[in-house]
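Each position in the sequence shown, counted from 1, maps to that position plus 104 in the numbering used here.
All C-beta atoms in this analysis are idealised placements derived from N, C-alpha and C, irrespective of residue type, glycine included.
Reading through the structure tokens given below for one structure.
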Amino acid sequence: MASVSIKDLRKVYPGDVVALHQSNLEIHDKEFMVLVGPSGCGKSTTLRMVAGLEDITEGEILIGDRVINDVAPKDRDIAMVFQNYALYPHMTIFDNMAFGLKLRKLPKSEITSKVEKVAESLGLTPYLKRKPKALSGGQRQRVALGRAIVREPSVFLFDEPLSNLDAKMRVEMRKELSVLHRRLQTTVIYVTHDQIEAMTLGTRMCVMSEGYIQQVGTPLEVYDRPKNIFVAKFIGTPPMNILEGVIQDQVFSEATLNLDIRKRITGSPTAKAFLGVRPEDLTLLGDSSDSSTEASFKGSIEVIERLGDEQLLYCNTGANPFICKADSHLELEYGKEYNFGFQIDKAHIFNDQEDNISLPN
């Protein structure tokens, strides 16, 4: 197996369109690294440069200690799984999975052994004589996975492999991918726009936006300690609430909230600022602000989404919209003003550059 090093990598398309600004990323041996971000953020471009499907404008990519900038894709010891499966429709499932091994001219007995072993682990043994059109979407995706696994590469590359599946199948395939990674103990680079996939699959995640790497860390590190407003709002469902206000004399002020923030930051100048609080960290206090919570503000409920185990309250302070998670059995009224409280150590303070200034340097 191998690590992957991305050093000062940059990609510019004709017309001076910058898809990826100078980026650096270390992907450790046996790690499951997820590149996550909205469409156009540069994640798939980065993956395709690692695969050798895109030319590199500047920088280097190393697999292990070998620079692979000028190495042909077939010689990079990688296997890639695409969003659209990319199966050969005229071949059986066995032949699809064996195709790469046949190109390497392995003995037939070895090919058969490898394919049958992987097919059994993926639950594909009954379908080896069928053609792709006779399989469901989830089964086809497992075939695409199996075709990659039988090659036993140093690095697996996944380009949004679950986006064509329905919600239930995506959950099942996420579990299968996690089990496979633990069993195979190989290096994985996985691209997705779905932050739930990133949170549930990744050993670490790399959050990207507009061709820049925003933050790299474990899912919990990124969730609990977002470096900027983009990461704070992109990672989390529902996203973090961001209330706009000002800081003056170590007090954050918004239309319905004056919060002493000395417990979060020190020496902050007078400036436009943003307060971040996750929906699950807000507590509905009812008609009274008396509570063990350290800070509270008022807001009226505009929309209620009932999800069975909880309900999402879409509210407004008069200056800022926000979301609160509440018990599903509470009887609440539209348009009524309630008090919402939170602990200050759960809050994040962002400056006018949208950087998180409540985190230690």
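- prompt: Taking C-beta to C-beta, are Pro236 and Val247 nearer than 8 Å?
  reply: Residue mapping note: residue 236 aligns to position 132 of the sequence shown, counting from 1. Residue mapping note: residue 247 aligns to position 143 of the sequence shown, counting from 1. A contact, by the Cβ cut-off of 8 Å.
Q) Between the C-alpha atoms of Ile339 and Leu205, what's the straight-line distance to the nearest angstrom? A) Here residue 339 is taken as the residue at index 235 of the sequence shown, counted from 1. Here residue 205 is taken as the residue at index 101 of the sequence shown, counted from 1. If I take the Cα positions, the gap works out to 39 Å.
- Query: From what residue to what residue does the alpha helix (DSSP H) around Asp364 run?
  - Reply: On the sequence shown, residue 364 is found 260 positions in, with the first residue counted as 1. No alpha helix (DSSP H) holds Asp364; the beta strand (DSSP E) holding it covers Leu361 to Asp364.
### Alpha-carbon to alpha-carbon, Gly242 and Gln299
Counting from 1 along the sequence shown, the entry for residue 299 is found at position 195. Counting from 1 along the sequence shown, the entry for residue 242 is found at position 138. Rounded to whole angstroms, Gln299 to Gly242 spans 21 Å at the Cα level.
Taking Cβ positions only, does Ile453 come closer than 8 Å to chain C? Here chain C cannot be found, since the structure has a single protein chain.
* Give the single residue among Arg234, Ile293, Val335 and Arg382 whose Cα lies nearest to the Cα of Ile110. => Your numbering for residue 110 matches position 6 in the sequence shown. Answer by Cα proximity: Ile293.
Evaluate the contact criterion for the stretch 434-454 versus the stretch 404-416: three or more CB pairs, one atom per stretch, below 8 Å. yes
Can you tell me whether Tyr192 is buried or exposed, with buried defined as 16 or more other CB within 10 angstroms of its CB? Numbered from 1 along the sequence shown, position 88 holds the residue referred to as residue 192. Exposed, by the Cβ-count rule.
- Task: Tell me whether Asp459 sits in a helix, a strand or coil according to DSSP, three-state version.
- Result: Residue 459 sits at position 355 when you count from the first residue of the sequence shown. Three-state result, Asp459: strand.
- In whole angstroms, what is the alpha-carbon distance linking His433 and Ile453? Here residue 433 corresponds to residue number 329 of the sequence shown, with the count starting at 1. Here residue 453 corresponds to residue number 349 of the sequence shown, with the count starting at 1. Spanning the two alpha carbons is a distance of roughly 32 Å.
How far does the beta strand (DSSP E) with Ser107 in it extend, from its first residue to its last? Residue 107 sits at position 3 when you count from the first residue of the sequence shown. Taken as a continuous stretch (DSSP letters only), Ser107 belongs to no beta strand (DSSP E), as it is neither H nor E.
*For Leu151, which residues from the same chain have a beta carbon less than 7 Å from its beta carbon, with the 5 sequence-adjacent residues on both sides left out?*
Within the sequence shown, numbered from 1, the residue matching residue 151 stands at position 47. Once the five neighbours on either side are set aside, the close Cβ partners of Leu151 are Leu139, Leu261, Asp263, Ile293 and Val295.
Considering only the beta carbon of each residue, do Gln245 and Pro265 sit closer than 8 Å? Counting from 1 along the sequence shown, the entry for residue 245 is found at position 141. Counting from 1 along the sequence shown, the entry for residue 265 is found at position 161. Going by C-beta atoms, Gln245 is nearer than 8 Å to Pro265.
### Message
Extract the residue ranges of the beta strand (DSSP E) inside the stretch 318-373, only unbroken runs of 3 or more that lie entirely within it.
### Response
345-352, 355-358 and 361-364
Checklist line | Gly241 (DSSP reduced to helix, strand or coil) | finding: Within the sequence shown, residue 241 is the residue found at index 137, counting from 1. Looking at Gly241 - three-state DSSP - the assignment turns out to be helix.
Next item on the list: Inspect the beta-carbon positions of Cys419 and Pro383 and report whether they are closer than 8 Å.
Entry: Here residue 419 refers to the residue found at position 315 when the sequence shown is read from its first residue. Here residue 383 refers to the residue found at position 279 when the sequence shown is read from its first residue. No; because the gap between Cβ atoms is not below 8 Å, this pair is not in contact.
Next on the checklist: So, for Thr304: in the same chain, excluding its five sequence neighbours on each side, which residues have a beta-carbon less than 7 Å away from its beta-carbon?
Outcome noted: To locate residue 304, count along the sequence shown from 1; it is residue 200. If we look at Thr304 and ignore the five residues flanking it on each side, its Cβ neighbours are Arg278.
I need the DSSP call for Asp263, collapsed to helix, strand or coil.
As a position in the sequence shown, residue 263 is number 159, starting the count at 1. Of the three classes helix, strand and coil, the one that applies to Asp263 here is strand, per DSSP.
| field | Reduced DSSP secondary structure (H/G/I, E/B, other) of Arg114 | value | To locate residue 114, count along the sequence shown from 1; it is residue 10. Correct three-state label for Arg114: strand.
Exercise for review: Please go through the stretch 183-244 and give each complete alpha helix (DSSP H) segment of 4 or more residues, from N-terminal end onward.
Suggested key: 197-207 and 212-225
Enclosing beta strand (DSSP E) for Ala451 [first to last residue]:
Within the sequence shown, numbered from 1, the residue matching residue 451 stands at position 347. Run containing Ala451: none; DSSP gives neither H nor E here.
Next item on the list: Quick one: give me the first and last residue of the beta strand (DSSP E) that Gln415 is part of.
Entry: Residue numbering aside, residue 415 sits at position 311 when the sequence shown is read from its first letter. Element bounds for Gln415: Glu414 to Asn420.
Query raised in the report: If you draw a straight line from the C-alpha of His132 to the C-alpha of Arg410, how long is it?
Result: Within the sequence shown, numbered from 1, the residue matching residue 132 stands at position 28. Within the sequence shown, numbered from 1, the residue matching residue 410 stands at position 306. So the two alpha carbons sit approximately 42 Å from each other.
Given Ile317, which residues of its chain have a CB within under 8 Å of its CB, disregarding the five upstream and five downstream residues? Taking the first residue of the sequence shown as position 1, residue 317 is located at position 213. Counting only Cβ-Cβ distances below 8 Å, and skipping sequence neighbours, we find Ser127, Asn128, Leu129, Cys310 and Val311.
Quick check on Leu207: buried or exposed, where buried means 16 or more other Cβ atoms within 10 Å of its Cβ?
In the sequence shown, counting from the first residue as 1, residue 207 sits at position 103. Answer is exposed; the Cβ neighbour count stays below 16.
Taking 8 Å as the threshold (C-beta atoms), are Ile167 and Lys115 in contact? In the sequence shown, the residue the question calls residue 115 occupies position 11. In the sequence shown, the residue the question calls residue 167 occupies position 63. Not in contact: Lys115 and Ile167 (Cβ atoms no closer than 8 Å).
Query raised in the report: Mapping DSSP to helix, strand and coil, what is Thr291?
Result: One-based indexing of the sequence shown puts residue 291 at position 187. Strand.
### Task
Locate the beta strand (DSSP E) running through Leu151, then write down its first and last residues.
Against the sequence shown, residue 151 aligns to sequence position 47. It is not in any beta strand (DSSP E) - Leu151 instead sits in the alpha helix (DSSP H) that spans Lys147 to Ala155.
Relative to the C-alpha of Leu226, which residue among Arg251, Ala359, Lys178 and Gly144 is closest? Translated into the one-based positions of the sequence shown, residue 226 becomes position 122. Among Arg251, Ala359, Lys178 and Gly144, the Cα nearest to that of Leu226 is on Arg251.
Please list the terminal residues of the continuous beta strand (DSSP E) segment that includes Ala399.
As a first step, residue 399 must be located in the sequence shown, where it is residue number 295. Ala399 -> beta strand (DSSP E) spans Ala399 to Arg410.
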